[in-house]
Amino acid sequence: MRFTLNGKDTDVSAHPMTRLLDVLREECGLTGTKEGCGEGECGACTVLIDGDPVCSCLIPVAQAEGAEVLTIEGLGNDHPLQHLFMNEVGAQCGICTPGMIMTAITLGPEPTLDDVKTALAGNLCRCTGYSAIYRAIMKWRQMPDPGTQVSAAR
Amino acid sequence: MRAIVEGLDLRRAKSLDDALHILRDDPRTPMAGNTDLYVALNFGTLVPRRFLDIRALSELREISLNGDVLVIGALTTYTSLIRSDVVGSRLPMLVEAARQVGGAQIQNRGTLGGNVANASPAGDSLPVLAAADATIVLRSAAAERRVPITQFYTGYRTTVMRPDELVVAIEVPPVEGRQWFRKVGTRAAQAISKIVVAAVRTSAPRIAFGSVAPTVVRVPETERALADGAGIDEAAQILSREIKPIDDIRSTAEYRLRVAANLLRRFWEETS
Ligand SMILES: Cc1cc2nc3c(=O)[nH]c(=O)nc-3n(C[C@H](O)[C@H](O)[C@H](O)COP(=O)(O)OP(=O)(O)OC[C@H]3O[C@@H](n4cnc5c(N)ncnc54)[C@H](O)[C@@H]3O)c2cc1C
Ligand code: FES
Ligand code: FES
Numbered sequence: 001m002r003f004t005l006n007g008k009d010t011d012v013s014a015h016p017m018t019r020l021l022d023v024l025r026e027e028c029g030l031t032g033t034k035e036g037c038g039e040g041e042c043g044a045c046t047v048l049i050d051g052d053p054v055c056s057c058l059i060p061v062a063q064a065e066g067a068e069v070l071t072i073e074g075l076g077n078d079h080p081l082q083h084l085f086m087n088e089v090g091a092q093c094g095i096c097t098p099g100m101i102m103t104a105i106t107l108g109p110e111p112t113l114d115d116v117k118t119a120l121a122g123n124l125c126r127c128t129g130y131s132a133i134y135r136a137i138m139k140w141r142q143m144p145d146p147g148t149q150v151s152a153a154r
Numbered sequence: 001m002r003a004i005v006e007g008l009d010l011r012r013a014k015s016l017d018d019a020l021h022i023l024r025d026d027p028r029t030p031m032a033g034n035t036d037l038y039v040a041l042n043f044g045t046l047v048p049r050r051f052l053d054i055r056a057l058s059e060l061r062e063i064s065l066n067g068d069v070l071v072i073g074a075l076t077t078y079t080s081l082i083r084s085d086v087v088g089s090r091l092p093m094l095v096e097a098a099r100q101v102g103g104a105q106i107q108n109r110g111t112l113g114g115n116v117a118n119a120s121p122a123g124d125s126l127p128v129l130a131a132a133d134a135t136i137v138l139r140s141a142a143a144e145r146r147v148p149i150t151q152f153y154t155g156y157r158t159t160v161m162r163p164d165e166l167v168v169a170i171e172v173p174p175v176e177g178r179q180w181f182r183k184v185g186t187r188a189a190q191a192i193s194k195i196v197v198a199a200v201r202t203s204a205p206r207i208a209f210g211s212v213a214p215t216v217v218r219v220p221e222t223e224r225a226l227a228d229g230a231g232i233d234e235a236a237q238i239l240s241r242e243i244k245p246i247d248d249i250r251s252t253a254e255y256r257l258r259v260a261a262n263l264l265r266r267f268w269e270e271t272s
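Just so you know, the protein sequences line up as chains E and F, in that order. Each residue of the first sequence is one higher than the one before, counting from 1 in our numbering. Each residue of the second sequence is one higher than the one before, counting from 1 in our numbering.
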């Protein structure tokens, strides 16, 4: 099965019903995507498929065939939102962070705090109490050059 | 925790015709957005072993008008419902329900046909479809048939759908009057409904509840009382005799009865 992973053409041999999450972590060696609940509730496993945030724990790799998959690794290690999560202490244990960031980069232009909360309703954090996360995202969207943004509202 | 997929078999349909022939000759469980199926897989409670991926069938993704009737393809996701102008203007209560399903990740994959076929009494779209007098369109390789949603469910998680059939679309006739949707759960997003209601305010009100019975239900006696001019107190009493909710892990029967009556009052006040 072939798909584009973080911009690179990728061919995997896993069983077609293997969760995309397992393929990314085990066959592709990209362990940035985390497993929290394994039931679609926590969003730790969020990746983008063709620009839309999805739970990779609920997706058979067969349904990624031919698609563009973007994981946290695809942002490089120097994305402004990553720095803001660190500076604002939007990450403590860090399990939720990659999923939070992948969902956040799909926010439309000039989001209000309410837009951010609605967009992140499918991403749970047990450590931070959320306000540092919201602060990091709001500051990021006010930056003159925010780096990668994926517009989901196509 | 790695989900076990060895021994599972997946075929992918190339077209709707192909899918229906596969279901006739080689019965399999259809797989759409997987937001129900893969939760079961991850839990180790998934019973079927053979699957048919229908998610790529673009024939089942269209939203259109056929004369007066709104036709929503079975594979329409919650996100597409939210973004659809025609659904927003004709059936705003369905958009409201879609917004309250899961988070963005679930809205992007979960489908209306999956919610209907999954037949959970807590499915949030079902009261909307019941209050709107929607029809489920089923198709097999041999024939197509239309079943009103109130006749689609035969009991707890059972339907009239045969193994060789797919839900292909949901048809919704024009809805006159104000539409109202409310879901009471433990959190706004992500919560499985404790109780959900959809209703239409006309001279003959239409009211449907989810999570108060093994299937979605309309409440004809309560509806008739309101149509005949009964006061809301009387209607609420009729409602508490008409529905028989159960205790389960999410809440008690008594709590559900009280909430259902409160929701009825709220509907009546807010649409007056
Ligand atoms: C975190 C989370 C939150 C959720 N929140 C809600 C919520 O708030 N409200 C709610 O109602 N639901 C909720 N759900 C449940 C689920 O998202 C919905 O029921 C969804 O609509 C299912 O659609 P699907 O395409 O993902 O179905 P799938 O998982 O692909 O399939 C579900 C069932 O339907 C059958 N099926 C699917 N499509 C067809 C078809 N066209 N014809 C015949 N059979 C078909 C499948 O064989 C399977 O038995 C939630 C799920 C998760 C994981
Ligand atoms: S691990 Fe996928 S949503 Fe929690
Ligand atoms: S930082 Fe620990 S779950 Fe969010």
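Even glycine gets a Cβ: it sits at the ideal position worked out from N, Cα and C.
Under 7 Å from the C-beta of residue i: neighbouring residues of chain F
i: M138/E; result: Within 7 Å Cβ-Cβ: nothing; M138/E doesn't reach chain F, min ~18 Å.
i: D159/E; result: Since the displayed chain E opens at 1 and closes at 154, residue 159/E lies outside it and no answer follows.
i: G43/E; result: G103 and Q105
i: A119/E; result: A104
Separation of residue j from residue i, as counted between CA atoms
i: T252/F; j: Q151/F; result: 27 Å
i: S131/E; j: T77/F; result: 30 Å
i: K194/F; j: K183/F; result: 8 Å
i: K8/E; j: P245/F; result: 53 Å
i: M161/F; j: L91/F; result: 25 Å
i: K117/E; j: V89/E; result: 18 Å
i: G123/F; j: D78/E; result: 42 Å
i: S324/F; j: L263/F; result: Given a span of 1 to 272 for chain F in the structure shown, any question on residue 324/F remains unanswerable.
i: V101/F; j: G113/F; result: 14 Å
i: L8/F; j: P60/E; result: 12 Å
i: I136/F; j: R224/F; result: 25 Å
i: I149/F; j: L75/E; result: 46 Å
i: A189/F; j: L126/F; result: Confidence is the limiting factor: at A189/F the pLDDT is only 46, short of 50, which leaves the residue's position unreliable, though a coordinate-based value still follows. One C-alpha to the other measures close to 17 Å.
i: L57/F; j: E270/F; result: 40 Å
i: R201/F; j: A131/F; result: 10 Å
i: P80/E; j: C42/E; result: 24 Å
i: M100/E; j: E73/E; result: 14 Å
i: I63/F; j: L70/F; result: 7 Å
i: L46/F; j: N34/F; result: 12 Å
i: M1/E; j: T18/E; result: 12 Å
i: V259/F; j: W180/F; result: 16 Å
i: F209/F; j: P121/F; result: 9 Å
i: G67/F; j: T33/E; result: 47 Å
Amino acids of chain F, ordered along the chain, whose beta-carbon sits closer than 8 Å to that of residue i
i: E39/E; result: V39, N42 and F43
i: T46/E; result: Q105
Neighbouring residues, chain E, relative to residue i (Cβ below 8 Å)
i: G231/F; result: Result: empty, since nearest Cβ-Cβ is about 38 Å, beyond 8 Å.
i: D53/F; result: P60, A62 and Q63
i: N34/F; result: L58, I59, P60 and Q63
Supposed close pair residue i, residue j - CB separation, criterion 8 Å
i: I106/F; j: G122/E; result: 6 Å
i: L129/F; j: I170/F; result: 6 Å
i: G94/E; j: F3/E; result: Contact flag wrong, Cβ pair sits at about 27 Å.
i: I238/F; j: T222/F; result: 5 Å
i: I133/E; j: C125/E; result: 6 Å
i: E39/E; j: V39/F; result: 5 Å
Contact test: residue i Cβ vs ligand 1 heavy atom, cutoff 7 Å
i: N77/E; result: no
i: I106/F; result: yes
i: G114/F; result: yes
i: G54/F; result: The sequence as given places Ile at residue 54/F; Gly does not occur at that position. Yes, the Cβ of I54/F comes within 7 Å of a heavy atom of ligand 1.
i: E41/E; result: yes
i: G99/E; result: no
i: D36/F; result: yes
Cross-chain neighbours of residue i in chain F, by beta carbon under 9 Å
i: G122/E; result: G102, G103, A104, Q105, I106, Q107, A189 and Q190
i: T103/E; result: G103, A104 and Q105
Ligand 2 heavy atom lying under 7 Å from the CB of residue i
i: A143/F; result: no
i: A44/E; result: yes
i: G38/E; result: yes
i: E221/F; result: no
i: E26/E; result: no
Check: residue i C-beta below 7 Å from any heavy atom of ligand 3
i: G94/E; result: yes
i: T128/E; result: yes
i: C125/E; result: yes
i: A91/E; result: yes
Neighbour list for residue i in chain E, Cβ cutoff strictly below 9 Å
i: A3/F; result: M17, T18, R19, L21, D22, G38 and C57
i: T111/F; result: Correct list: empty, because the minimum Cβ distance to chain E is about 12 Å.
i: E6/F; result: H15
i: R61/F; result: Going along chain E, no residue has its Cβ under 9 Å from R61/F, so there is no contact; the nearest lies around 14 Å.
i: L10/F; result: H15, P16, M17, P60 and A62
Examine the Cβ distances between the region 216-225 of chain F and the region 138-146 of chain F and report whether three or more of them are shorter than 8 Å. These segments do not touch.
For the region 81-93 of chain E against the region 139-146 of chain E, do three or more pairs of beta-carbon atoms, one drawn from each stretch, fall closer than 8 Å, so that the two count as touching? Verdict: yes, contact present.
Are the region 15-33 of chain F and the region 44-60 of chain F touching, with three or more C-beta to C-beta distances below 8 Å? Yes, the region 15-33 of chain F is in contact with the region 44-60 of chain F.
So, does the region 108-118 of chain E touch the region 50-61 of chain E, judging by three or more C-beta pairs under 8 Å? Using a C-beta cut-off of 8 Å, the region 108-118 of chain E makes no contact with the region 50-61 of chain E, since fewer than three inter-stretch Cβ pairs fall below that distance.
Between the region 23-42 of chain E and the region 10-26 of chain F, do three or more beta carbon pairs fall short of 8 Å? No, because fewer than three Cβ pairs between the region 23-42 of chain E and the region 10-26 of chain F fall closer than 8 Å, the two stretches do not touch.
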